[in-house]
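Participant:
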Amino acid sequence: HWAGCGHQVTLITLDQVETDAFPLDSRVNRVGLGMMSEASNPLQGLWNNLRRVSEIRKAVRATQAAIAVSLTDKMNVVALLACRPLRVPVVINERNNPVQQHMGGFWEWLRRRSYPKCQMAVAQTNEVAQQLQEFVGADRLHVIPNGVKEPQQYWQEDPSRPARFLAVGRLSPQKGFDLLIKAMARVPAHMATLQIAGTGPDKARLQDLSSRLGHVEICQSFKSP
Numbered sequence: 042h043w044a045g046c047g048h049q050v051t052l053i054t055l056d057q058v059e060t061d062a063f064p065l066d067s068r069v070n071r072v073g074l075g076m077m078s079e080a081s082n083p084l085q086g087l088w089n090n091l092r093r094v095s096e097i098r099k100a101v102r103a104t105q106a107a108i109a110v111s112l113t114d115k116m117n118v119v120a121l122l123a124c125r126p127l128r129v130p131v132v133i134n135e136r137n138n139p140v141q142q143h144m145g146g147f148w149e150w151l152r153r154r155s156y157p158k159c160q161m162a163v164a165q166t167n168e169v170a171q172q173l174q175e176f177v178g179a180d181r182l183h184v185i186p187n188g189v190k191e192p193q194q195y196w197q198e199d200p201s202r203p204a205r206f207l208a209v210g211r212l213s214p215q216k217g218f219d220l221l222i223k224a225m226a227r228v229p230a231h232m233a234t235l236q237i238a239g240t241g242p243d244k245a246r247l248q249d250l251s252s253r254l255g256h257v258e259i260c261q262s263f264k265s266p
């Protein structure tokens with residue numbers, strides 16, 4: 042979208058370009074640093090992250106960017122550390138609840154010292170924005186929910202068939218799919234069914250719950266009718 046508006050956009054990730062799951066607009070400059078190796082001990086982990094800060098700083102400097110936009114907690118910290126000497130303003134995006142999603146002692150220490158340096162902080166909900174006030178002043182907080190592109194054609198529900206609902210996400214306790222399954226169990230099967238698409242550590246428990254409560258299917262990907 043930004044490229045289509047005439048902006049010069051560069052997407053930088055620690056992962057390699059070859060691992061991209063989705064295609065990018067050809068006008069977007071794609072930079073993959075290939076620095077996703079796992080650390081075998083804390084000292085190596087510290088060294089890996091120092092290298093990541095250095096490489097991201099070089100990549101941002103090469104783009105001559107007017108502003109940097111960072112997503113997710115640890116990457117927000119890394120981006121802020123990388124861009125500060127360049128005097129490039131950073132807009133951080135918190136994609137989770139910082140109170141519930143703890144990063145560990147050292148990372149939390151870094152977050153408290155780096156987040157106040159951001160130009161702006163974006164949260165997905167008002168509740169998360171309130172939690173972020175612990176790190177960032179209210180005057181620099183904005184709430185931007187996930188965007189949904191309006192479809193050009195609308196699917197017409199067949200009144201003779203049950204309504205079909207789809208939920209997509211990581212199957213982990215934090216997502217609350219168990220609450221959704223329990224709620225769906227209170228709806229008669231002839232009125233509505235639910236399909237959950239995703240993978241994660243909670244899959245077996247959710248499958249057991251859905252099999253006991255009924256008319257909920259859990260699969261790895263969405264199955265169209």
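Numbering-wise (my numbering), the sequence shown opens with residue 42 and increments by one.
All C-beta atoms in this analysis are idealised placements derived from N, C-alpha and C, irrespective of residue type, glycine included.
Note that the coordinates shown come from a computational prediction; the quantities given were computed from them, not determined experimentally.
1) For valine 257, list the residues DSSP reports as bridge partners.
2) Who are the Cβ neighbours of threonine 54 in its own chain at under 6 Å, not counting the five residues just before and after it?
3) Quick check on the burial criterion: 16 or more other C-beta atoms within 10 angstroms. Buried or exposed for proline 266?
4) Out of Phe218, Cys159, Ala62 and His256, which one is the CA nearest neighbour of alanine 245?
5) Mind checking whether the beta-carbon of tryptophan 150 lies closer than 7 Å to any heavy atom of the ligand HEM?
6) From the DSSP secondary-structure annotation, give me the bridge partner or partners of arginine 205.
7) State buried or exposed for asparagine 82, treating a residue as buried only when at least 16 other CB atoms are found within 10 Å of its CB.
8) Within 8 Å, do at least three Cβ pairs link the region 155-166 to the region 116-135?
9) Can you have a look at leucine 282 and say buried or exposed, based on whether 16 or more other CB atoms are within 10 angstroms of its CB?
10) Which residue wins for smallest C-alpha separation from glutamine 236, given the options Gly146, Glu258, Leu84 and Pro186?
11) Buried or exposed for leucine 173, going by 16 or more other Cβ atoms inside 10 Å?
12) Please classify arginine 71: does DSSP put it in a helix, a strand, or coil?
13) By Cβ distance below 6 Å, which residues in the same chain neighbour valine 163 in space, the five residues on each side in sequence not counted?
14) For the alpha helix (DSSP H) holding valine 118, just list the boundary residues, first then last.
Facilitator: In this structure, then:
1) Within the sequence shown, the letter at position 216 stands for residue 257. DSSP output for valine 257 lists Leu235 as bridge partner(s).
2) Walking along the sequence shown from the start, residue 54 turns up at place 13. Correct list, in chain order: Gly73.
3) Here residue 266 corresponds to residue number 225 of the sequence shown, with the count starting at 1. Legend: pLDDT at proline 266 = 48, less than 50; position of this residue unreliable, no value from coordinates given.
4) Here the question's residue 245 lines up with position 204 in the sequence shown. Answer by Cα proximity: Phe218.
5) Among the components of this structure there are no ligands whatsoever, and the ligand HEM is therefore not found.
6) Counting from 1 along the sequence shown, the entry for residue 205 is found at position 164. Answer is Thr234.
7) The residue labelled residue 82 in the question sits at position 41 within the sequence shown. Exposed, because fewer than 16 other Cβ atoms sit within 10 Å of the Cβ of asparagine 82.
8) yes
9) In the structure as shown, the chain starts at 42 and stops at 266, and residue 282 therefore has no counterpart that could be examined.
10) Mapped onto the sequence shown, residue 236 falls at position 195. The option with the nearest alpha carbon to glutamine 236 is Glu258.
11) By 1-based counting over the sequence shown, the position of residue 173 is 132. Buried, since its Cβ has 16 or more Cβ neighbours within 10 Å.
12) Numbered from 1 along the sequence shown, position 30 holds the residue referred to as residue 71. Correct three-state label for arginine 71: strand.
13) Here residue 163 refers to the residue found at position 122 of the sequence shown. The residues are Asn134, His183 and Ile185.
14) As a working mapping, residue 118 is identified with position 77 in the sequence shown. Taken as a continuous stretch (DSSP letters only), the alpha helix (DSSP H) holding valine 118 covers 114-124.
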